[in-house]
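Let me begin by presenting the structure, written as structure tokens, before commenting on it.
There are 2 protein chains.
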Amino acid sequence: MLQDQLAWRYATKKFDPSKTLPEDKLEAILKAIQMAPTSSGLQPFEVIVVTNPALRAQIQAVGYDQAQITEASHLLVFAAWDNYTEARIDAVVQDIVDQRGEGAAEAVKPYYERLKAMYLPRSAEENHQHAARQAYIAFGIGLVAAAEQKVDATPMEGFDADKVDEILGLRARGLRAVTLLPVGYRATEGDWLAGLKKVRRPLDGLIHEAA
Amino acid sequence: MLQDQLAWRYATKKFDPSKTLPEDKLEAILKAIQMAPTSSGLQPFEVIVVTNPALRAQIQAVGYDQAQITEASHLLVFAAWDNYTEARIDAVVQDIVDQRGEGAAEAVKPYYERLKAMYLPRSAEENHQHAARQAYIAFGIGLVAAAEQKVDATPMEGFDADKVDEILGLRARGLRAVTLLPVGYRATEGDWLAGLKKVRRPLDGLIHEAA
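What follows is the structure, given as structure tokens:
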């Protein structure tokens, strides 16, 4: 049950560096991320899987020295498109036509032409912000996927994104890091958060009915 | 299984307006949204549940006339905080102390003081954008929760947010609409998308390993 999975997970503060995630569990997380819905199906992001210890040490150094970045089994970096471009949107249309058949083109192409007319004149920054929001949908779903697999994870925004872009060469590929997700297994001790009660705003403070 | 739920769901284009969501299913979706992790646990958003037909007709009129807004059983409006304020962050600290006990204050307060020193000098717009991203995590998890309940849903960004703010009186409450989520049950016919193959970027185009 989703509710149990959400209650089980927490922002892991201390991973056991000796435990490696089995390939099938990593793949389950990545496949959930792949299935996340995004605006107009653009999926305007990539996920970079970082195992290389030297790269991870560099990222930790620009990530408030958070040890999970190097001690977790794998580090996932969610990187959103820096902008929408004609080529990127055309590639999405091509994917749809490839997967649904040539007959889909007639219905689909005018929609994405209107989308290009709307997105391409906007600033790169505005488009990147929009792309980043889509990455956050996938990020949330990736967190659920990890919990379903009983894999620990730490959602992270606290890092110098420009520096991570540099370390991973993301800008040259039209990407900008938006979140980090170390995944692996919690240590049996040394995690100050593990034993604390999960705090959430009561439902009547979070949800309101319109009159 | 999450993967089956993600395969089952789709952006429903035609709801059956005669079918109402049972209270327990709505509550399961709202409770999953409540459990979504957010940056520093701020949960900087609210969800407005709209059933009133007149309000929904007004929202549909500023939402590209998408019929799901009025034909679904319930309309959820995700509205992010317009800004971070001292009072809002202090209320989060109070919630933590209330739920974890007075002993938690010593560890928690300095963290949130640093957060205030970082967030409060920033522009309202920058803070709202950050809050909106947190709402997207909950939005993604809400979509999973709906699918788990076999409830249909349509994630929507295509609407005039300023107008929705006006219709629901959100600005006066320090909120700005960021996404809509009509939830209910698909119609048995009239949904052009229901029969089409779900298209996602192949995994090797979405996921890359850092060298």
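If you read the sequences in order, they're chains A and B. Under our numbering, the first residue of the first sequence carries the number 1, and numbering increases by one thereafter. Under our numbering, the first residue of the second sequence carries the number 1, and numbering increases by one thereafter. For every residue, glycine included, the Cβ atom is placed at its ideal position computed from N, Cα and C.
Of the listed residues A:Lys13, A:Gln99, A:Gln3, A:Pro17, nearest to A:Ala153 (C-alpha basis): Within the first sequence, numbered from 1, the residue matching residue 153 of chain A stands at position 153. Minimum Cα distance to A:Ala153 is reached at A:Lys13.
Decide if the segment 81 to 96 of chain B is in contact with the segment 116 to 126 of chain B; the criterion is three or more beta carbon pairs, one per stretch, under 8 Å apart. yes
Let me make sure I understand the geometry here. Which of A:Gln43, A:Met118, A:Gly101 has the alpha-carbon closest to that of B:Leu228? Because residue 228 of chain B is not part of the residues shown, which for chain B are 1 to 211, the question remains open.
Considering B:Gly205, what are the terminal residues of the beta strand (DSSP E) in which it resides? Indexing the second sequence from 1 puts residue 205 of chain B at position 205. Looking at the DSSP string, B:Gly205 is not in any beta strand (DSSP E); the run it does join, the alpha helix (DSSP H), is 203 to 206.
Mind checking whether B:Ile29 and B:Val151 have CB atoms under 9 Å apart? In the second sequence, residue 29 of chain B corresponds to position 29, counting from 1. In the second sequence, residue 151 of chain B corresponds to position 151, counting from 1. Going by C-beta atoms, B:Ile29 is nearer than 9 Å to B:Val151.
Who are the Cβ neighbours of B:Gly158 in its own chain at under 8 Å, not counting the five residues just before and after it? The sequence position of residue 158 of chain B within the second sequence is 158, counting from 1. Gly63, Tyr64, Gln66, listed in sequence order.
How about B:Ala7 and B:Leu193: are their beta carbons less than 9 Å apart? The residue labelled residue 7 of chain B in the question sits at position 7 within the second sequence. The residue labelled residue 193 of chain B in the question sits at position 193 within the second sequence. Contact flag unset, no.
Where A:Gly195 and A:Phe15 are concerned, what is the direct C-alpha to C-alpha distance, given to the nearest angstrom? Taking the first sequence and counting its residues from 1, one reaches residue 195 of chain A at position 195. Taking the first sequence and counting its residues from 1, one reaches residue 15 of chain A at position 15. If you take the alpha carbons of A:Gly195 and A:Phe15, they lie about 14 Å apart.
Relative to the alpha-carbon of A:Glu23, which residue among A:Met35, A:His74, A:Phe139, A:Ala172 has its alpha-carbon at the smallest distance? Along the first sequence, read from residue 1 onward, the residue named residue 23 of chain A stands at position 23. When each option's Cα is compared against that of A:Glu23, the closest is A:His74.
Between the segment 135 to 147 of chain B and the segment 171 to 185 of chain B, can you find at least three pairs of beta-carbon atoms closer than 8 Å? yes
Going along the segment 81 to 100 of chain B in order, which residues come within less than 7 Å of chain A, judged by CB to CB distance? Asp95, Ile96, Gln99, Arg100
Is B:Leu168 near B:Val92, with beta carbons less than 9 Å apart? Here the question's residue 168 of chain B lines up with position 168 in the second sequence. Here the question's residue 92 of chain B lines up with position 92 in the second sequence. Contact: no.
Name, please, each residue of chain B whose Cβ falls closer than 7 Å to the Cβ of A:Phe139. Within the first sequence, numbered from 1, the residue matching residue 139 of chain A stands at position 139. Neighbours of A:Phe139 on chain B, chain order: Ile137.
Just to confirm, is the Cβ distance from A:Leu21 to A:Gly190 under 9 Å? As a first step, residue 21 of chain A is located in the first sequence; it is residue number 21 there, counting from the start. As a first step, residue 190 of chain A is located in the first sequence; it is residue number 190 there, counting from the start. Not closer than 9 Å, so no.
Reference B:Pro155, options B:Ala135, B:Ile207, B:Lys25, B:Glu102, closest by Cα: By 1-based counting over the second sequence, the position of residue 155 of chain B is 155. Taking only the C-alpha atoms, the option nearest B:Pro155 is B:Ala135.
To the nearest angstrom, report how far apart B:Leu170 and A:Phe45 are at their CA atoms. For the purposes of this step, residue 170 of chain B is identified with residue 170 of the second sequence, where counting begins at 1. For the purposes of this step, residue 45 of chain A is identified with residue 45 of the first sequence, where counting begins at 1. Approximately 31 Å, taken between the alpha carbons.
Under 9 Å between C-beta atoms, does A:Glu102 make it to chain B? By one-based count along the first sequence, residue 102 of chain A stands at place 102. Taking Cβ atoms only, chain B never reaches closer than 9 Å to A:Glu102, which makes this a no.
If you count every other CB in all the chains shown that lies within 10 Å of the CB of B:Gly41, and 16 or more means buried, which is it? Here residue 41 of chain B is taken as the residue at index 41 of the second sequence, counted from 1. Flag for B:Gly41 reads buried.
Distance check for A:Ala61 and B:Val47, CA to CA, integer angstroms please. Here residue 47 of chain B refers to the residue found at position 47 of the second sequence. Here residue 61 of chain A refers to the residue found at position 61 of the first sequence. Going by the C-alpha atoms only, they are around 37 Å apart.
Using a C-beta cutoff of 9 Å, does A:Val183 count as contacting chain B? Locating residue 183 of chain A in the first sequence gives position 183, where the first residue counts as 1. By this cut-off, A:Val183 is not an interface position.
Short check: CB of B:His130 to CB of B:Ser39, under 9 Å? As a first step, residue 130 of chain B is located in the second sequence; it is residue number 130 there, counting from the start. As a first step, residue 39 of chain B is located in the second sequence; it is residue number 39 there, counting from the start. Cβ distance < 9 Å, so B:His130 and B:Ser39 count as in contact.
Leaving out five residues before and five after B:Ala104 in sequence, what residues of the same chain have Cβ atoms less than 7 Å from its Cβ? Taking the first residue of the second sequence as position 1, residue 104 of chain B is located at position 104. The residues are Ile96, Val97.
What residue from B:Arg100, B:Ala79, B:Asn52, B:Asp90 has the CA that sits closest to A:Lys198's CA? Locating residue 198 of chain A in the first sequence gives position 198, counting from the first residue. Out of B:Arg100, B:Ala79, B:Asn52, B:Asp90, B:Arg100 has the C-alpha closest to the C-alpha of A:Lys198.
Using beta carbons (cut-off 9 Å, strictly below), is B:His128 in contact with chain A? Position 128 of the second sequence holds residue 128 of chain B. Chain A, which has no Cβ nearer than 9 Å to the Cβ of B:His128, makes this no.
Looking only at DSSP bridge pairs, what is B:Arg228 linked to? This structure cannot settle anything about residue 228 of chain B, because the visible part of chain B is limited to 1 through 211.
Applying a beta-carbon distance threshold of less than 8 Å, which residues of chain B neighbour A:Gln34? Stepping through the first sequence from its first residue, residue 34 of chain A is reached at position 34. Neighbours of A:Gln34 on chain B, chain order: Arg200, Arg201, Leu203, Leu206, Ile207.
Is the Cβ-Cβ distance between A:Arg200 and B:Gln34 less than 9 Å? Sequence index remark: in the first sequence, residue 200 of chain A carries index 200 (1-based). Sequence index remark: in the second sequence, residue 34 of chain B carries index 34 (1-based). Yes. Within cutoff.
Using only the alpha-carbon positions, how far apart do B:Ala57 and A:Asn127 sit? Taking the first residue of the second sequence as 1, we reach residue 57 of chain B at position 57. Taking the first residue of the first sequence as 1, we reach residue 127 of chain A at position 127. Each residue's alpha carbon lies about 30 Å from the other.
Starting from A:Phe45 and walking both ways along the beta strand (DSSP E), at which residues does that stretch end? Along the first sequence, read from residue 1 onward, the residue named residue 45 of chain A stands at position 45. Residues 45 to 50.
Below 8 Å on the Cβ atoms is my guess for B:Val144 versus B:Leu2; work out the distance and round it to an integer in Å. As a first step, residue 144 of chain B must be located in the second sequence, where it is residue number 144. As a first step, residue 2 of chain B must be located in the second sequence, where it is residue number 2. With a Cβ gap of about 7 Å, B:Val144 and B:Leu2 count as contacting.
Are any of the Cβ atoms in chain B nearer than 9 Å to that of A:Ile69? Along the first sequence, one-based indexing puts residue 69 of chain A at 69. By this cut-off, A:Ile69 is not an interface position.
Opposing strand residues paired with A:Phe15 [DSSP bridges]: On the first sequence, position 15 is the one that residue 15 of chain A refers to. Answer is A:Arg186.
Which of helix, strand or coil does DSSP assign to A:Met1? Taking the first residue of the first sequence as 1, we reach residue 1 of chain A at position 1. Three-state DSSP puts A:Met1 in coil, outside helix and strand.
What are the boundary residues of the alpha helix (DSSP H) that includes B:Pro262? No information on residue 262 of chain B is available, as it lies outside the stretch 1 to 211 that chain B covers here.
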